[in-house]
Structure formats: structure tokens, C-alpha cells
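**Student:**
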Ligand SMILES: C[S@@+](CC[C@H](N)C(=O)[O-])C[C@H]1O[C@@H](n2cnc3c(N)ncnc32)[C@H](O)[C@@H]1O
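In the working numbering, the protein residues as written are 615 to 840.
This is the structure we're talking about:
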């Protein structure tokens, strides 16, 4: 049996740096992960019935591509993004504008662990893609998510899993060589900062969240509440 490496936390917000601006980050992400964003939004659409003024909260939208993909497919949805980085907010706003969905979305600066600027029981759905591994206090984060979700609200969170198998590691090692601006390095550090499905299950049990389930494939994990 292979042992699972200890988690190596990453910082919270991703900001402009000497190496890369968030405009450059956004373009690289769109080119590299375009299909993944589509898959993410398709997976969500399968889980939600069309509804009037269906209100979504996206945690850590970064350049916004995942939520934008969802809004383009479903005109009945409105989305608010809560993002730790003001540089990302600048870029997400521009992307939403260019993609013609800015009338149905807005982005706000803040962190998931402390969402006191958001009212309780207001969202029909909370989503997040590849942000959870940055969260400094996931227990607090899930309590806050539970508070802002309507009682019957749904959840879809997607992230890497740190305990990926050898095949997953091989894919990461090979693919990361072809990602520009040294971003392959960040992909690897985000995997090292991510959780295992078991750790997430234990966390959800600890805070007594029922109806939430954790599923996984060889590279990623999802947390859903149906
Ligand atoms: C790896 S990026 C993923 C961005 C986007 N969801 C995607 O899939 O392209 C993680 C994002 O989460 C944001 N973030 C990190 N910690 C956060 C927190 N505690 N609350 C809200 N956003 C956070 C970062 O600033 C960054 O934009």
C-alpha cells in the first residue's frame, strides 16, 4: 500500500505577480481547461431543474470561466461570485462582459470562511471548482456554506484529490510540462494542498452534515448535496 503524503497548504488569494498577471492566467486557464469548464457546468445542469431566478453562489470563481459556462447554457440562472483576490475579480468581470452574461452575474471580494456580508438561506445552489484546496479553514467554510444555502439548496464542489493513483500522477507529470508560464508547477502544488475523499468525509461527519455525499474518480473529488 502506498502512503498518502501530508497536505502542504497553499496561500488563499491568487493575485497578479512578477511571473504572471491574472489576465494571462485567465487566458491560459481557458485554453488548457476549456473542456473541463464545460464538463463542470454540464454536471451541474444535470442536477438542477429550470427555475425562475435560481440564485447561485460561486466560491473562488477566479477568472470566472466555470460559472460563465453555466450562465451561457442556462438563461434562468443568476450568479454571485465570492472571490478572495481583487485581481481575479477584475478579470472575471471583463470575461463575463465579453461573454455577454454580465447582467446576470456579479463578483464580490471575500473569503468563504467568513461570509457575514451574505444573508442566510438565500442561495439555491453553491458551486466551487478547484478552490477548496486553498481554504484555510474548511470546517468554518462548510458551516458558512450551510448557513447561506436555502434548506433545500444544492451544492456542487469539485477539486483535485491528493491521493490520486499512479495513472493520475503520470498524467499530471506529463501534461504539466506543456503548460506555459510555469503553471504546471502550480498545478502540482494545488494537488499537494488538496484533500483526500476520506478527509472530506470525516470533516463532513464531524460537523454533522447529512445528505452531503463525496464521490471521486482517479484524479478528482466532488462534494454534492442533492
Ligand atoms: C485555482 S483557482 C480556481 C479558479 C476557478 N474556480 C477555476 O476553476 O478556474 C482558486 C481560486 O480560489 C480563490 N480563493 C482562494 N481561497 C479562497 C477563499 N478562502 N475564499 C474565496 N476564494 C478563495 C483564489 O483567489 C482563486 O481565484
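Ideal Cβ placement from N, Cα and C applies to all residues, glycine included.
Note that this is a predicted model, so its numbers are computed, not measured.
(1) Counting C-beta neighbours from all protein chains within 10 Å, is the total for residue 756 16 or more, i.e. buried, or is it exposed?
(2) Check residue 741 in the structure and name its three-state DSSP category.
(3) Is it the case that the segment 734-741 contacts the segment 752-770, given that we only count it when at least three CB pairs across the two stretches are under 8 Å?
(4) Taking 7 Å as the line, does the beta carbon of residue 702 fall inside it for any heavy atom of ligand 1?
(5) Should residue 794 be counted as a contact of ligand 1 given a C-beta to heavy atom distance under 7 Å?
(6) Closest to residue 621 by C-alpha separation, out of 797, 646, 804, 780, would be which residue?
(7) In chain order, which continuous runs of the alpha helix (DSSP H) of length 4 or greater are located wholly inside the segment 664-719?
(8) State the Cα-Cα distance for the pair residue 686 and residue 711, rounded to the nearest angstrom.
(9) Helix, strand or coil for residue 631 per DSSP?
(10) Find the nearest neighbour of residue 633 within the set 797, 693, 781, 818, judged by alpha-carbon distance.
(11) Considering only their Cβ atoms, is the gap separating residue 729 from residue 778 smaller than 8 Å?
(12) Let me check you understand the geometry: is the CB of residue 826 closer than 7 Å to at least one non-hydrogen atom of ligand 1?
(13) Enumerate in chain order the residues of its own chain whose CB-to-CB distance from residue 683 is below 8 Å, with the five nearest sequence positions on each side excluded.
(14) Look at the alpha carbon of residue 715 and the alpha carbon of residue 617, and state the distance between them as a whole number of angstroms.
(15) Would you call the CB atoms of residue 746 and residue 628 closer than 8 Å?
(16) Given residue 792, which residues of its chain have a CB within under 7 Å of its CB, disregarding the five upstream and five downstream residues?
(17) Give a single yes or no on whether residue 726 has its beta carbon closer than 7 Å to a heavy atom of ligand 1.
(18) Out of 664, 646, 681, 781, which one is the CA nearest neighbour of residue 771?
(19) Could you tell me which of 830, 814, 831, 722 sits nearest to residue 823, measuring between CA atoms?
(20) Can you grab the Cα-Cα spacing for the pair residue 806 / residue 663, in whole Å?
(21) Specify the secondary structure class of residue 767 as computed by DSSP and reduced to three states.
(22) With residue 805 as the anchor, note down where its alpha helix (DSSP H) starts and where it stops.
**Tutor:** Reading from the atomic positions:
(1) As a working note, residue 756 is residue 142 in the chain shown. With 16 or more Cβ atoms within 10 Å of its Cβ, residue 756 is classed as buried.
(2) Start at 1 with the first residue of the chain shown, and residue 741 comes out as number 127. Residue 741 sits in a strand when the DSSP states are folded into three classes.
(3) yes
(4) Locating residue 702 in the chain shown gives position 88, counting from the first residue. Under cutoff, so the answer is yes.
(5) The sequence position of residue 794 within the chain shown is 180, counting from 1. No, ligand 1 has no heavy atom inside 7 Å of this Cβ.
(6) Position 7 of the chain shown, counting from 1, holds the residue named residue 621. Cα-wise, what sits closest to residue 621 is 804.
(7) 679-687, 700-712
(8) Numbered from 1 along the chain shown, position 72 holds the residue referred to as residue 686. Numbered from 1 along the chain shown, position 97 holds the residue referred to as residue 711. Cα to Cα, the separation comes out at about 12 Å.
(9) Within the chain shown, the letter at position 17 stands for residue 631. Residue state, collapsed to three classes: coil.
(10) On the chain shown, residue 633 is found 19 positions in, with the first residue counted as 1. Among 797, 693, 781, 818, the Cα nearest to that of residue 633 is on 797.
(11) The residue given as residue 778 occupies position 164 in the chain shown. The residue given as residue 729 occupies position 115 in the chain shown. It is not a contact, given that the beta carbons lie outside the stated cut-off.
(12) Here the question's residue 826 lines up with position 212 in the chain shown. Residue 826 Cβ: outside cutoff for every heavy atom of ligand 1.
(13) For this step, residue 683 is matched to residue 69 along the chain shown. Once the five neighbours on either side are set aside, the close Cβ partners of residue 683 are 651, 652, 654, 655.
(14) Sequence index remark: in the chain shown, residue 715 carries index 101 (1-based). Sequence index remark: in the chain shown, residue 617 carries index 3 (1-based). Each residue's alpha carbon lies about 45 Å from the other.
(15) Mapped onto the chain shown, residue 746 falls at position 132. Mapped onto the chain shown, residue 628 falls at position 14. No. Outside cutoff.
(16) The residue you call residue 792 lines up with position 178 of the chain shown. Annotation for residue 792: no residue places its beta carbon closer than 7 Å to its own, counting only its chain and skipping 5 residues before and after.
(17) Translated into the one-based positions of the chain shown, residue 726 becomes position 112. Checking every heavy atom of ligand 1 against the Cβ of residue 726, one is found closer than 7 Å.
(18) Indexing the chain shown from 1 puts residue 771 at position 157. Taking the Cα of residue 771 as reference, the smallest distance to any Cα among 664, 646, 681, 781 is reached at 681.
(19) Sequence index remark: in the chain shown, residue 823 carries index 209 (1-based). For the residues 830, 814, 831, 722, the minimum Cα distance to residue 823 belongs to 814.
(20) As a first step, residue 806 is located in the chain shown; it is residue number 192 there, counting from the start. As a first step, residue 663 is located in the chain shown; it is residue number 49 there, counting from the start. If you take the alpha carbons of residue 806 and residue 663, they lie about 36 Å apart.
(21) Position 153 of the chain shown, counted from the start, is the residue given in the question as residue 767. Strand at residue 767.
(22) Looking up residue 805 in the chain shown gives position 191. Start and end: 797-807.
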